[in-house]
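Below: one structure, written as structure tokens.
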Ligand SMILES: Cc1cc2nc3c(=O)[nH]c(=O)nc-3n(C[C@H](O)[C@H](O)[C@H](O)COP(=O)(O)OP(=O)(O)OC[C@H]3O[C@@H](n4cnc5c(N)ncnc54)[C@H](O)[C@@H]3O)c2cc1C
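In my numbering, the protein residues as written are 90 to 448.
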């Protein structure tokens with residue numbers, strides 16, 4: 090029986106553990122903390138490719154509408170095509186860990202993997218699935234950890250308590266005016282929300298000051314802040330996803346969307362593929378299999394993000410207005426569900442830009 094060591098008990102590592110155990114691998118998982126602690130996330134579970142299904146644990150609500158703001162706010166129904174839920178990620182991950190244990194996975198909490206320990210694991214296990222996020226343990230062991238810093242979005246977020254009833258069953262996103270990126274209010278219920286931002290340019294601005302301005306603009310200044318967190322979102326895949334006998338998954342593999350910063354779904358998908366490749370003696374195909382499923386979507390999102398975040402705000406406002414006028418749901422346009430490249434090729438979108446410029 091093949092023995093695998095998984096580093097990291099986030100979405101990628103836990104999915105790999107469950108899949109690996111189901112496929113008959115002997116799985117041990119190591120996390121530096123307790124499963125579910127120190128999560129950095131706005132907790133939107135967006136199954137962009139419709140490959141994962143509704144999360145089992147920690148579900149708060151299915152998102153029925155997206156509110157987008159450039160200057161004005163436009164509310165779009167999500168429609169059938171967008172599978173998006175707000176979750177409590179800690180509860181969700183604890184549920185996944187329980188499922189993994191029941192399948193025979195040994196989970197070692199409070200067990201950080203150092204560079205030396207990584208070498209030990211490499212020698213003692215058939216394979217390592219590195220799901221340690223960014224910068225990955227593999228990159229530290231091989232000396233290329235700076236890669237992530239150069240290829241990541243930057244985030245800042247507060248969890249806030251107050252009256253969020255106006256966002257019932259919705260999430261809210263608004264384009265930043267002085268940076269490439271957006272800010273969000275992702276409610277977890279009537280009284281709690283994650284309020285944060287992601288920036289994709291090389292800013293020297295202090296992100297927390299930018300977030301303060303947003304909090305004031307959105308009239309949330311009096312709301313209580315219960316958690317402050319930030320972190321990087323790696324949006325470029327390293328050249329190789331396999332280093333020695335270590336397979337990179339999730340954020341360690343640079344699988345975050347450059348459009349919206351979502352990475353939970355891509356992490357789960359890559360974790361599943363990693364376990365399958367090991368079980369089927371196809372590790373040499375892991376890299377190409379991940380790219381086959383995810384590269385088109387991620388590259389399309391990157392292209393779309395470059396266009397949208399670099400666009401004059403009046404033009405962007407015009408595009409949202411035009412989309413909003415139709416009776417389509419936001420899902421039908423496809424740019425949030427893996428079809429961003431096709432959306433940019435739509436005649437209506439290509440033609441609207443010069444028309445708006447003339448106005
Ligand atoms: C502010 C913010 C908001 C976000 N919001 C969303 C969102 O709403 N929706 C979405 O889809 N994505 C979101 N993301 C991205 C998402 O959180 C990540 O893409 C996702 O967590 C990646 O999962 P992962 O399993 O690859 O890595 P992680 O979730 O980072 O898990 C890595 C695990 O490895 C462990 N670990 C790290 N180093 C070691 C070590 N040396 N030894 C042992 N264990 C180690 C960590 O403790 C952790 O448990 C957000 C990111 C940020 C920063």
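Note that the Cβ used here is the ideal one computed from N, Cα and C, for glycine as well.
| Coarse secondary structure for residue 235, derived from DSSP in three states | The residue labelled residue 235 in the question sits at position 146 within the chain shown. In the structure shown, residue 235 sits in a helix (DSSP, three-state: H, G or I).
| request: List the residues that DSSP assigns as beta-bridge partners of residue 167. | output: Looking up residue 167 in the chain shown gives position 78. Answer by DSSP bridge pairing: none, since residue 167 is not bridged.
| request: Using three-state DSSP, classify residue 116 as helix, strand or coil. | output: One-based indexing of the chain shown puts residue 116 at position 27. Strand.
| query | From 393, 359, 386 and 396, pick the residue whose C-alpha is nearest to that of residue 378; which is it? | reply | Here the question's residue 378 lines up with position 289 in the chain shown. The residue with the shortest Cα to Cα distance from residue 378 is 359.
| query | How many Å lie between residue 221 and residue 327 at the Cα? | reply | Looking up residue 221 in the chain shown gives position 132. Looking up residue 327 in the chain shown gives position 238. In a straight line, the C-alpha of residue 221 is about 15 Å away from that of residue 327.
| query | Which same chain residues, not among the five before or five after residue 236, have their C-beta less than 7 Å away from its C-beta? | reply | On the chain shown, position 147 is the one that residue 236 refers to. Once the five neighbours on either side are set aside, the close Cβ partners of residue 236 are 228 and 327.
| Rounded to a whole number of angstroms, what is the C-alpha to C-alpha distance between residue 294 and residue 93? | To locate residue 294, count along the chain shown from 1; it is residue 205. To locate residue 93, count along the chain shown from 1; it is residue 4. For residue 294 and residue 93, the distance between alpha carbons rounds to 43 Å.
| message | What does the Cβ neighbour count give for residue 175, buried or exposed, with the cut at 16 atoms within 10 Å? | response | Indexing the chain shown from 1 puts residue 175 at position 86. Its Cβ being crowded by 16 or more others within 10 Å, residue 175 is buried.
| Does DSSP put residue 414 in a helix, a strand or coil? | Locating residue 414 in the chain shown gives position 325, where the first residue counts as 1. DSSP places residue 414 in helix when its eight states are reduced to three.
| So what does DSSP say about residue 219, is it helix, strand or coil? | What you label residue 219 is simply residue 130 of the chain shown in a count that begins at 1. Note: residue 219 maps to strand in three-state DSSP.
| Relative to the alpha-carbon of residue 349, which residue among 308, 333, 104 and 398 has its alpha-carbon at the smallest distance? | The residue you call residue 349 lines up with position 260 of the chain shown. Looking at the Cα atoms, 398 is the closest of the given residues.
| Opposing strand residues paired with residue 283 [DSSP bridges] | Here residue 283 refers to the residue found at position 194 of the chain shown. In DSSP, residue 283 forms a bridge with 248 and 275.
| message | Going by DSSP in three states, residue 450 sits in which element: helix, strand or coil? | response | Because the chain in this structure spans residues 90 to 448, residue 450 falls outside the shown range and cannot be described.
| field | Given 8 Å, three or more beta-carbon pairs between the region 364 to 379 and the region 203 to 218 | value | yes
| Cβ-based burial, residue 102 [other Cβ within 10 Å; buried from 16] | Reading the chain shown from its first residue, position 13 is the one you call residue 102. Under this definition residue 102 is a buried residue.
| 8 Å Cβ shell around residue 114 - same chain, five flanking residues per side excluded | On the chain shown, position 25 is the one that residue 114 refers to. Hits under 8 Å: 90, 91, 92, 93, 364, 367 and 368.
| In the region 171 to 209, which residue ranges form an unbroken alpha helix (DSSP H) of at least 4 residues, counting only runs that do not cross its ends? | 178 to 191
| query | Closer than 6 Å: is that where the CB of residue 101 sits relative to any heavy atom of ligand 1? | reply | The sequence position of residue 101 within the chain shown is 12, counting from 1. Yes - ligand 1 has a heavy atom lying nearer than 6 Å to the Cβ of residue 101.
| query | What residue ranges within the region 283 to 361 form continuous alpha helix (DSSP H) runs of no fewer than 4 residues, ordered along the chain? | reply | 296 to 306
| message | Along the chain, where does the beta strand (DSSP E) containing residue 133 start, and where does it finish? | response | Looking up residue 133 in the chain shown gives position 44. First-last of the beta strand (DSSP E) with residue 133: 133 to 135.
| Any non-hydrogen atom of ligand 1 closer than 6 Å to residue 414 Cβ | As a first step, residue 414 is located in the chain shown; it is residue number 325 there, counting from the start. Checking the Cβ of residue 414 against ligand 1 gives no.
| query | If we count Cβ pairs, one from each stretch, closer than 8 Å, do we get three or more for the region 253 to 269 versus the region 144 to 158? | reply | yes
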